[in-house]
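There are 2 protein chains.
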Amino acid sequence: MAGIADVARLAGVSTATVSRALSGNGPVSAGTRGRVAEAAASLGYVVSSDASSLASGRTRNIGAVVPHLSRWFFTSVIEGAERALLRRGYDLTLYNLSGDGEERRRVFEHHLLRNRVDAVIAVSLKLTDDEVGRLLAIGKPVAGVGGPLTGASTVQIDDVAVARLATEHLLQLGHRRIAHLGGSREYDLDFHIPTNRRHGYAAALHAAGLESDPALQVSGDFTIPGGYAAATELLRSAHDRPTAVFAASDEMAIGVLIAARDLGLSVPRDLAVIGVDGHPLGEFFGLSTVAQHPERQGGQAAELLLSTIERRRRWRDEPDPREQDQRPPAVEAAAELIVRASTAGPAAGAAASALPLFSPTPSPDTANER
Amino acid sequence: MAGIADVARLAGVSTATVSRALSGNGPVSAGTRGRVAEAAASLGYVVSSDASSLASGRTRNIGAVVPHLSRWFFTSVIEGAERALLRRGYDLTLYNLSGDGEERRRVFEHHLLRNRVDAVIAVSLKLTDDEVGRLLAIGKPVAGVGGPLTGASTVQIDDVAVARLATEHLLQLGHRRIAHLGGSREYDLDFHIPTNRRHGYAAALHAAGLESDPALQVSGDFTIPGGYAAATELLRSAHDRPTAVFAASDEMAIGVLIAARDLGLSVPRDLAVIGVDGHPLGEFFGLSTVAQHPERQGGQAAELLLSTIERRRRWRDEPDPREQDQRPPAVEAAAELIVRASTAGPAAGAAASALPLFSPTPSPDTANER
DNA sequence: TTGAAAGCGCTAACAA
DNA sequence: TTGTTAGCGCTTTCAA
Chain A
17 MAGIADVARL AGVSTATVSR ALSGNGPVSA GTRGRVAEAA ASLGYVVSSD
67 ASSLASGRTR NIGAVVPHLS RWFFTSVIEG AERALLRRGY DLTLYNLSGD
117 GEERRRVFEH HLLRNRVDAV IAVSLKLTDD EVGRLLAIGK PVAGVGGPLT
167 GASTVQIDDV AVARLATEHL LQLGHRRIAH LGGSREYDLD FHIPTNRRHG
217 YAAALHAAGL ESDPALQVSG DFTIPGGYAA ATELLRSAHD RPTAVFAASD
267 EMAIGVLIAA RDLGLSVPRD LAVIGVDGHP LGEFFGLSTV AQHPERQGGQ
317 AAELLLSTIE RRRRWRDEPD PREQDQRPPA VEAAAELIVR ASTAGPAAGA
367 AASALPLFSP TPSPDTANER
Chain B
17 MAGIADVARL AGVSTATVSR ALSGNGPVSA GTRGRVAEAA ASLGYVVSSD
67 ASSLASGRTR NIGAVVPHLS RWFFTSVIEG AERALLRRGY DLTLYNLSGD
117 GEERRRVFEH HLLRNRVDAV IAVSLKLTDD EVGRLLAIGK PVAGVGGPLT
167 GASTVQIDDV AVARLATEHL LQLGHRRIAH LGGSREYDLD FHIPTNRRHG
217 YAAALHAAGL ESDPALQVSG DFTIPGGYAA ATELLRSAHD RPTAVFAASD
267 EMAIGVLIAA RDLGLSVPRD LAVIGVDGHP LGEFFGLSTV AQHPERQGGQ
317 AAELLLSTIE RRRRWRDEPD PREQDQRPPA VEAAAELIVR ASTAGPAAGA
367 AASALPLFSP TPSPDTANER
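Sequences listed follow chains A and B, in order.
Here the first sequence is numbered in the working numbering, starting from 17 and rising by one per residue.
Here the second sequence is numbered in the working numbering, starting from 17 and rising by one per residue.
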């Protein structure tokens, strides 16, 4: 396998020049650069990343830690991050940091903390302040997606605002008895997403002059079955049943749709339903939602990290004057209301026909940027 | 950050001994090993993977290439592989090789082919013979999950047998008009999974003395909406409608369940439905299926690769005598029939009550190993 | 703009 | 069982 020395020989220059020409670091005349590139190409030369990392101290690899891979949000974030990184010549290595204390410690110390990665992106996973601090201390930037991390940059939606937007949509349609299907306490542990969404819901009701009725607030586990179970409970009693439900995730909302169906309720005539996420199945079920874009969030987090790395490089050990007291950036990810067939005004009249609940071809989406 | 020299000094031995003691390669007396371990621990020493890789030629990192991350099967395989690798101290880095020619080439040459990985695992992705060949030529073992790769080891279910098993289940229940919802041609490109499953279906019918009716064979794109659309078409006409459907994936089968529901058909009274996969949503929908276990398959592929790597190490450049003309192993992954509420005999009588189609608590699964 | 040469932090011959 | 030492293949000073 051709090495840098072979390229140098063929191009008639030193290995130092080859390194400079190929990496773009340091001055090289145009002519030399051309000859080197040609020589490298003709030999099929590619740098050895190990040797390069060892000599330069940078691995061109970033670590992504996730709680698990079986959920749409996580994998979409990873997918977006990977695409952005690959475009810049970086790799992404994946760590499941779900394990218990000892295993987690091992992964953290042996893999993340050592020279395997230049930076870390945490997806919906709460690194402890100590973990983040140790990474930052050895110069590895950290970014969090889906939840804030002390001292790290963050990309996430404004959960309160998103929940308010969804609830306001229902209010504007004329609903007054609006239920909220939130997340149970265990899902609130790290980032308080369920709590924030409940706050947004309550704030919207309050702004409309309505009390929030505890009887209309139930919780699930963010899955379709969880949403189904909670909705079945919520909708069982015919008297003072809500006319609309705001679910904290699309998957739970889909559970609500199915439960309504099984209970003989027609959506949106008897019940309006809206979720949060922009899950791909939402379109099939005609589900209105506030969509976020996890792939885009992953890409943004990757960009944040790469630019931090580049900036550091440019200013060497001298701190970048502009980095002084510059808070790690917090990007608010975009989210938009998408109105589909599952939301309409209450009591539209018995004449209104039932929603073709599972229509695979819903009417074109209506999207409103917020 | 402490280096190997610091540990050596503290333990009163040479760096070579530290390396041997910590890696387990080479003879070290118990006492020395203890002192070294202690010194390393007290200094918080962890080897630099770059330096180690450069010196040893092994990265302790394996590359996983996937077409994309948004499907349950792929992510489950990755999850299983990652767990198995991490347990052995290996990393997994992720490559989306979905891009077109040029991008794919770049990823392949710059990342996979160079010293970033010790081995490659391809998930439901057809590496070309040339790509596999080049990897093998530079000593990097390759494993395929979900489809065979020329010259590489393989982990996959027997699609023909799985399809036959599902179809036989329906036959045994007494069905005679059994439809097959398969994959369309574009999904057949690489590994012929749709074709194989159709063969298994046809073989089972044939063995039962039945003709396979082309009118009962439709195809979808392996998604819920795809299954819904195909089933709506298939089940629309009331006369000579099938009494059972075997779908080539659980997601399509769920689409069939929903379509049947929308058409006013009761499952399993009017229509029995079975899928393939063991998708987590299947339980919620009471879907009978032939389950495979992608995480387990990922783990098996990882083990195959690691053992190849270890074997190579042991025998150095001398070929392992036992490796002579030893075909790369092909593991047949396990699959088992899981009978839930969506399958029963035909015409069970008008008295039979409709299946609580979306019951979140179906009767306990019945599983039969095959 | 270029080249010479000193490492980067380990591993693995080889010798003892 | 242990130590000495020569690399692994680059990057980056430093000097020209």
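Don't be surprised by glycine CBs; every beta carbon is placed ideally from N, CA and C.
- Non-local C-beta neighbours of Ser114(B) in its own chain, meaning closer than 6 Å and more than five positions away in sequence, comprise Pro83, His84, ordered along the chain.
- From the listed residues Asp107(A), Thr33(A), Asp146(A), Ala246(A), the smallest Cα separation to Arg51(A) is found for Thr33(A).
- Just so you know, the alpha carbons of Leu197(B) and Ile290(A) end up roughly 32 Å apart.
- Around Leu59(B), the same chain offers Ala18, Asp22, Val23, Leu26 as residues with beta carbons nearer than 7 Å, after the five sequence neighbours per side are excluded.
- The alpha-carbon of Ala350(A) is positioned some 46 Å away from that of Ala55(A).
- Comparing alpha carbon positions, the residue from Lys156(A), Ala224(A), Val158(A), Leu205(A) closest to Leu186(A) is Ala224(A).
- Any Cβ of chain B closer than 9 Å to the Cβ of Thr144(A) would place that residue at the interface, and such an atom is absent.
- Interface flag for Tyr203(A) against chain B is unset, since no Cβ pair is found closer than 9 Å.
- Taking 9 Å as the CB threshold, Phe207(A) stays off the interface with chain B.
- Residue environment for Ile274(A): buried (at least 16 other C-beta atoms within 10 angstroms of its C-beta).
- For His196(B), the three-state secondary structure derived from DSSP is strand.
- Annotation note: the region 132 to 162 of chain B contains the following uninterrupted beta strand (DSSP E) runs of length 3 or greater, listed N- to C-terminal: 135 to 139, 158 to 161.
- Neighbourhood of Ala67(B) in chain A, by CB distance below 7 Å: Leu70, in chain order.
- DSSP links Ala288(B) through a beta bridge to Ala260(B).
- Only residues of its own chain outside the window of five on either side were considered, and among them Thr259, Ala260, Ala288, Pro362 have a CB closer than 7 Å to the CB of His191(A), listed in chain order.
- Closest in alpha carbon position to Thr359(B), among Leu321(B), Ala231(B), Val306(B), is Val306(B).
- The way I'd put it, the region 166 to 184 of chain B doesn't touch the region 103 to 121 of chain B; fewer than three beta-carbon pairs between them come closer than 8 Å.
- Using a Cβ-Cβ distance cut-off of 8 Å, the region 268 to 285 of chain A and the region 164 to 177 of chain A are not in contact, since fewer than three pairs of beta carbons, one from each stretch, lie closer than that value.
- In the structure shown, Gly79(B) falls within a strand segment according to DSSP collapsed to helix, strand and coil.
- Sorting Ala254(B), Ser265(B), Leu232(B) by C-alpha distance to the C-alpha of Pro241(B) places Ser265(B) at the top.
- In the three-state scheme derived from DSSP, where H, G and I count as helix and E and B as strand, Asp204(A) is classed as coil.
- Within the region 268 to 322 of chain B, the runs of beta strand (DSSP E) that reach at least 3 residues and sit entirely inside it are, in chain order, 288 to 293, 304 to 308.
- Within the DSSP secondary-structure output, Val171(A) pairs in a beta bridge with Val161(A), Val347(A).
- Interface annotation for the region 169 to 185 of chain B against chain A: empty, criterion Cβ-Cβ distance under 7 Å.
- For Asp107(B), the pairing in a beta bridge is given by DSSP as Asn77(B).
- With its beta carbon at least 9 Å from every one in chain A, Asn212(B) lies outside the interface.
- Following the DSSP letters along the chain, one finds Val52(A) inside the alpha helix (DSSP H) bounded by residues 46 to 59.
- The beta carbon of Phe262(A) does not come within 9 Å of any beta carbon belonging to chain B, so the residue lies off that interface.
- Listed by position along chain A, the residues whose Cβ is nearer than 9 Å to that of Asp256(B) form an empty set, because the closest Cβ is around 24 Å away.
- In the structure shown, Glu249(A) adopts helical secondary structure according to DSSP, grouped into three states.
- Taken through DSSP and simplified to helix, strand or coil, Val93(A) comes out as helix.
- The Cβ of Arg132(B) sits closer than 9 Å to at least one Cβ of chain A.
- The C-beta distance from Ile354(B) to Pro157(B) rounds to 33 Å, too long to meet the 8 Å contact threshold.
- For a Cβ distance threshold of 8 Å, residue set Val62, Gly105 of chain A lies close to His126(B), ordered along the chain.
- In terms of beta-carbon proximity, Pro83(B) stays away from the interface with chain A, with every pair separated by 9 Å or more.
- In the structure shown, the three-state DSSP call for Glu227(B) is coil.
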